[in-house]
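Single-structure report; data block below.
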Amino acid sequence: DKRSEAISVTITGDAFSHDVQEVGIVEEQLAQGADLGTPGYMFIKNLDATNYVEIGATAGVYTIKLKAGEIALYRHDSATVYAKANTGACLVEYCLFED
């Protein structure tokens, strides 16, 4: 059974950071645009076909696990996003919207 949802959010800023980045098995930060003010919503997708990737706002602390092909949309209130792949490098697509 497939299910889809739609969401509409209101943000006051107009800046965002969008990129595709290769994330390895050693923790790294996702790059962000210099014009991004207060972080708001984060959309992220694991583009890998096999491996999972973990995401967090604090080094070594991962609150989100994305299996191959999975997505997440959540409120991210930290200026830093950390990511780490489990057994092989993964491409992740992400968009961080200013609040």
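Numbered according to this note's numbering, the sequence shown spans residues -10 to 88.
Here a beta-carbon is modelled for each residue, glycine too, at the ideal position from N, C-alpha and C.
For residue j and residue i, the rounded distance between their alpha carbons
i	j	result
Cys84	Val9	9 Å
Ser6	Arg(-8)	28 Å
Asp66	Ile33	15 Å
Thr(-1)	Ala20	24 Å
Gly26	Arg64	14 Å
Ile60	Asn35	6 Å
Gly13	Phe86	24 Å
Asp88	Met31	10 Å
Ala74	Ala68	21 Å
Leu62	Val15	23 Å
Reduced DSSP secondary structure (H/G/I, E/B, other) of residue i
i	result
Ala61	strand
Ala74	strand
Gln10	strand
Gly45	strand
Val15	coil
Identity of the residues DSSP links to residue i by a beta bridge
i	result
Thr52	DSSP output for Thr52 lists no bridge partner at all.
Residue i: first and last residue of the uninterrupted beta strand (DSSP E) it sits in
i	result
Ile33	28 to 35
Ala82	Residue identity differs from the one stated: residue 82 is Glu in this sequence, not Ala. Here the beta strand (DSSP E) through Glu82 covers 79 to 87.
Rounded Cβ spacing between residue i and residue j (contact assumed at less than 8 Å)
i	j	result
Tyr71	Lys56	That pair is no contact at about 18 Å.
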